[in-house]
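Chemist: Protein chains in written order, with the numbering used here: chain A, 1 to 276; chain B, 1001 to 1308; chain C, 2001 to 2458.
Provided herewith is a single structure, encoded as structure tokens, for subsequent inquiry.
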Amino acid sequence: MNKLKKSSPYNILTMLALILLALSFLFPLYWIITGSFKSQMVAVSATPAWFPLEPTVDNYIRLFKNPAVKWLTNTVFVSLASMVLVLLTASLAGYTLAKKRFYGRAFVFALIIASMALPKQVVLVPLVRIMDFLKLSDNPWAVILPTVGWPFGIFLMKQFSESIPNEVLESARIDGAGELRTFVSIVTPIIKPAFGALGIFTFINTWNDYFLQLIMLRSRANLTISLGIATLQSEYATNYGLQMAGAALGSIPIILIFIFFQKYFTQGITMGAVKG
Amino acid sequence: MTTAKPNQRGSSHNLMRKETIVSYLFLLPALLFFIGFVLLPMGLGLYTSFFNYTMKNPVSADTFVGLRHYIDLFGNPAFLQAVRNTVFLVIVTVPAVTLFSLWVSSFIYRIHAGLRSVFRIIFYLPVVTGTVAVVVVWKWIFHEYYGVLNYLLKSGGVIEKNISWLGSSTWAIWCIILIMFTTYVGQPIVLYVAALGNVDPSLIEAAKVDGATDMQVFWKIKWAQVMPTTLYIMVITTINTFQCFSLVQLLTRGGPSGSTNTVMYMLYETAFNLYDYGYANAMGVILAIMIGILSAMQFKVMSKEVSY
Amino acid sequence: MKKLALALAGTMVALSVAACGGTTATTTQGSAAGTTAKPAETTKAAETTKAPENTTAEAAKVELTWWVPPTFIQDKDAPAGTYEQQLVDAFTAENPNITIKVETIDFTTASEKITAAIEGGNAADILFDAPGRIIEYGKNGKLVPLGDMFTDEFVQDVGNDAMLSACMGNGEYYMYPLSASPFYMAINKDMWEASGAMEHVNLEGDRSWTTDDFEQAIIKLEAAGYNPGVLFCSGQGGDQGTRAFINNLYSSNTVNADRTAYAFDSENGIKALTKAQEWLDAGTLGNGVAYNGGGSIELFVAGTTSFETCWGTSAAGNNAATMEAAGVTPISLPFPSDDGKAELEYLVNGLCIFDNGDAAKADAAKLFIKWLADQTEAVTRTGAFPVMQSMGNLYPGDEEKALLSEFTKMYGPYYNTMDGFANMRAQWYGMLQKLHEGADPATIAKEAVTAANAGMNP
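Structure (structure tokens):
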């Protein structure tokens, strides 16, 4: 890795520009957090308060008079369940597609690739029907099941599994290990980083999903935090502080999770995309 | 319990059959979800797009209309506008996101690892923050009277009167593009940083020995080396842009005068506010075909460049 | 497990038989005053004289769900659904065999959510809403007809054909009305006084005023540097306010006289749009493309804009605290019109029952909505006027309400239940958006009306 040539004017300018850009990328988050401590009167003043000089926790008090805790637990449940199921199904399928030679393999893989490009929203009306048929409407599983069905995870796991050395699998075979045991004790440790990556990826994406949740969940007690924030925008005037409190509640936990698992995350994105 | 010798792998019919059974057993859980909640609804969507299927009319022989919805769509100015808007979003967003993230990455991949990681996190934050949270705060920032944007521009002397950003058919789509941009660059930056880090330093050294300038090194070597990444980024950004829905739904609901209406949003409106399910499904099919063609093209190019 | 299911099915059948007998008997039920004497322990079967004895409380458990948007005014700071839950608890105390689950839904996504649920065949049993959507569902065959609830006595008590027809679609009653209130406009007292605009306002009697008065006033407001009210037209909601505003300017109408077609492209309609465009250009009327009714109200109650064309009892009630904090004193006015005779739009709050193929549930639901509509507090919690005249004046000594009851005499024809209403709303907002961009009013009005009428028979 080559080092920066120190104090070249181009480098200094770029650095300054980047710092400015980074600050502007941080601004919405700053505005959410500070906004959540502003009273409505401060929030709608023509001269913005850069910092809430008279901070109020009213917005949070009001937020928790809504079933905000329930929204949060619903979100955690949906995200966790999706994550676990995605990991289970996708790792098995991805490994199989990468390392097994079987009839129909090319077809299955093509189908998965093709449907990955299609918009989820296209399936909207039929999906509503299917969920009703399964008696799952207005139920968190109506969000979880389609999330698990989405084949991105399979694709990612296949990319990862390509790197499993064939020799290792074959020596396991020679040792007489069963298929499932091979998978659990040989394959899983090798693709462990992929579990981290896909897991955190699915968790964050499900947490922040809006569309499926919008269609599938309805009653106030069953909403997720994304939907909850959206409903805080009432028919009669927006309470900005309240909305920002909701936004803070929805985003700060996931941001912390992201920063904590950052390494897995970047690893996942890169390994899935650049080279399996 | 396979006991076959490694060198026979794939060569024997019997073994292949055995592998097929095991393979499908392994694939079964994933395929169940995939077929039930992706393929089946897609098929149903396609099927019902040939019917005058509304809240009142069920799908039945009486309501079969063949290709009428498709023909109607191509004569529907609102739909054509939505297609144009969608394509416009792609044309602006994809190059902007790609070039910006390449520029940022080509700088930060060389700096101190800790600092690099800080930048990467910051540019990724809007993605993690979540669409709804991001949109509600931007909506406030863009607000005609209470927004920071107008305040800054006014105090900076750039504008004299408050501008209704979301209420202008000129500006509203740019507001959407701006938010899209901030939420789309995170992933490409991560990708580029990794790809640039993987460029073989000996290539660069060799070029420098031959007297190449920094610019030449960048375009001749690095750009060529990260080409697969660029293509991948363009594909995912294109698909994401095509699917843009929440921004429109939460920010402008397609207005003013349809200037921010996208195919995705129109589909949703048609189904859920105008109760015209069959027509909406036809839009979905057309959108799917549009994305399908584009992705196929890009995948084709990619498969030449990248070996999966 | 099997036994339980059988037992359940049996009681369902028993109940539905009992309930069917019951509904015809409700004819003899008294209206508002009569039902308050209902003994707490009576089950619904017992209440109806014909009902057989076999439906005891434990045999006939019915569980209903009730969807309510945030219309009821809650106690200070109580979240949506609190009062509704109190109502339901009181009802269940009187009718222990019927339990009701309250599900609050929000306005912004209500329409889509309800559609999704209907499409999925799992709508709630009871929905509280306005006629616009309810009648549309009814016409699409999704609701239980409520003709049997509109007894002669009830019809007489309402005594208002427009109100009754608002509850009807294709000649069938689908909505049971609770309360009604006019939509009108509001001005910011201090701004109008400070700018001298107040001298054009009539504060006597029913406060009728003219388009000329209004024009003079907004010119003064603009000169004094106050932000004008906005001609909002984004997304959904509140559009009735803009229709009333525009159509009163030169006494045009949204629909034709016999309510068979949309007609806001009349000569006077175009004249009004032209006038509005002139005001938009002059800055005496605000650009509202970015706002829906709620967004526009938000500006008014925060003291940002000087008048509001989407005002009503609910908006006033829900924003009282904000206005107090912002020091905004609203004054309610009818819309200005060329002849000084305004025609107002109005809201009817009511309930409907989804046809989920279960007669027992439908009958339990009917019992509940009848009970609810008889609660005077449920009426006052909507901030509106009762539809049953026998309830009398529920707001004695309230001057504002006395004024609003003057407004109720200005009700114009009710068109929210016409075919293609949802589509017309979209066309109307689309037209206003184009008006903002300087499009020719005649052209866009004709286009919008053509599209709206084309949407009447899809």
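C-beta atoms are modelled at their ideal positions from N, C-alpha and C, and glycine is treated no differently.
Keep in mind it's a predicted model, so treat the numbers as computed, not measured.
(1) Please list the partners that Thr1020 of chain B has in chain A, where partner means a Cβ-to-Cβ separation under 7 Å.
(2) Once DSSP output is grouped into helix, strand and coil, what is the label at Lys2076 of chain C?
(3) Taking the alpha-carbon positions, what's the Ile1281 of chain B to Ile1176 of chain B distance?
(4) Where DSSP assigns a beta bridge to Ser79 of chain A, which residues make up the other side?
(5) Quick test of the definition: if touching needs 3 or more C-beta pairs under 8 Å, does the region 2261 to 2274 of chain C touch the region 2443 to 2451 of chain C?
(6) Mind checking which residues open and close the beta strand (DSSP E) that includes Ala2261 of chain C?
(7) Pull up the distance between the alpha-carbon of Val1137 of chain B and that of Met2391 of chain C, whole angstroms please.
(8) Kindly indicate which three-state DSSP category Trp31 of chain A falls into: helix, strand or coil?
(9) Near Lys3 of chain A, which residues of its chain fall below 6 Å by C-beta distance, leaving aside the five closest residues on each side in sequence?
(10) Going by the CB atoms, is the gap between Val2255 of chain C and Pro2131 of chain C shorter than 8 Å?
(11) Alpha carbons only, please: which of A:Ser115, A:Ala17, A:Ile32 and A:Ile19 is nearest the one belonging to Pro1041 of chain B?
(12) Name, please, each residue of chain C whose Cβ falls closer than 9 Å to the Cβ of Arg62 of chain A.
(13) Does the beta-carbon distance from Gly1254 of chain B to Tyr1265 of chain B come in below 8 Å?
(14) Express the C-alpha separation of Gly178 of chain A and Gln2085 of chain C in angstroms, rounding to a whole number.
(15) Spatial neighbours of Ala2186 of chain C within its chain, please: CB distance less than 6 Å, with the 5 preceding and 5 following residues excluded, ordered by chain position.
(16) If I measure Cβ to Cβ from Asp2213 of chain C and keep anything under 8 Å in the same chain, skipping five residues before and after, which residues do I get?
(17) So with CB distances below 7 Å, who are the chain A contacts of Ala2360 of chain C?
(18) Helix, strand or coil for Ile113 of chain A per DSSP?
(19) Within 8 Å, do at least three Cβ pairs link the region 2349 to 2358 of chain C to the region 2171 to 2180 of chain C?
(20) Do you know how far the Cα of Ile1293 of chain B is from the Cα of Phe261 of chain A?
(21) On the CB-based measure, 16 or more other CB atoms within 10 Å of its CB, does Asn1115 of chain B come out buried or exposed?
(22) Between Val1127 of chain B and Gly1186 of chain B, is the Cβ-Cβ spacing less than 8 Å?
(23) Expressed to the nearest angstrom, what Euclidean distance is found between the alpha-carbon atoms of Ser8 of chain A and Asn1085 of chain B?
(24) Under a three-way DSSP split, which group does Glu2172 of chain C fall into?
(25) Taking all protein chains shown into account, do 16 or more other C-beta atoms lie within 10 angstroms of the C-beta of Val184 of chain A, making it buried, or fewer, making it exposed?
(26) Look at the alpha carbon of Met1026 of chain B and the alpha carbon of Leu92 of chain A, and state the distance between them as a whole number of angstroms.
(27) Cα separation between Val1248 of chain B and Thr1260 of chain B?
(28) Between which two residues does the beta strand (DSSP E) holding Tyr2184 of chain C run?
(29) Report the neighbours of Ser1256 of chain B on chain C: residues whose CB is nearer than 9 Å to its CB, in chain order.
(30) Hey, quick one: how far does the alpha helix (DSSP H) through Lys1208 of chain B stretch, first residue to last?
(31) Using the Cβ count rule (16 or more neighbours within 10 Å means buried), how would you classify Ala2223 of chain C?
(32) How many angstroms separate the CA atom of Val84 of chain A from the CA atom of Gly199 of chain A?
(33) So what's Glu1144 of chain B in DSSP terms, helix, strand or just coil?
(34) From Ala46 of chain A to Leu1152 of chain B, what distance separates their C-alpha atoms?
(35) Starting from the Cα of Asp2123 of chain C, find the closest Cα among A:Ile112, A:Val123, A:Lys135 and A:Pro126 and give me that residue.
(36) Grab the span of the alpha helix (DSSP H) containing Glu2406 of chain C for me, first residue to last.
Modeler: If we stick to the structure as given:
(1) Phe102 and Tyr103
(2) coil
(3) It should be pointed out that residue 1281 of chain B corresponds to Asn in this sequence rather than to Ile. Computed Cα separation, rounded: 25 Å.
(4) Note: Ser79 of chain A sits in no beta bridge, so no partner.
(5) yes
(6) It is not in any beta strand (DSSP E) - Ala2261 of chain C carries neither H nor E in the DSSP assignment.
(7) 46 Å
(8) helix
(9) Bear in mind that a pLDDT of 47 at Lys3 of chain A, under 50, signals an unreliable position, so the number given afterwards is only what the model happens to contain. Within the same chain, Lys3 of chain A has no close Cβ partners at all.
(10) no
(11) A:Ser115
(12) Asp2077 and Pro2079
(13) yes
(14) 58 Å
(15) Glu2308, Trp2311, Pro2330 and Ser2332
(16) His2200, Val2201, Asn2202 and Pro2336
(17) Neighbours of Ala2360 of chain C on chain A: none; closest Cβ ~20 Å, over 7 Å.
(18) helix
(19) yes
(20) 36 Å
(21) Reading off the sequence, residue 1115 of chain B comes out as Leu, not Asn. Its Cβ having fewer than 16 others within 10 Å, Leu1115 of chain B is exposed.
(22) yes
(23) 42 Å
(24) strand
(25) exposed
(26) Reading off the sequence, residue 1026 of chain B comes out as Phe, not Met. If you take the alpha carbons of Phe1026 of chain B and Leu92 of chain A, they lie about 6 Å apart.
(27) 7 Å
(28) Tyr2184 to Asn2188
(29) The residue you asked about is not Ser; residue 1256 of chain B is Pro in the sequence shown. Chain C residues near Pro1256 of chain B: Cys2233, Ser2234, Val2289, Ala2290, Gln2433, Lys2434, His2436 and Glu2437.
(30) Pro1201 to Val1209
(31) exposed
(32) 7 Å
(33) coil
(34) 11 Å
(35) The identity of residue 2123 of chain C in the sequence shown is Ala, whereas the question assumes Asp. The residue with the shortest Cα to Cα distance from Ala2123 of chain C is A:Lys135.
(36) Glu2399 to Phe2407
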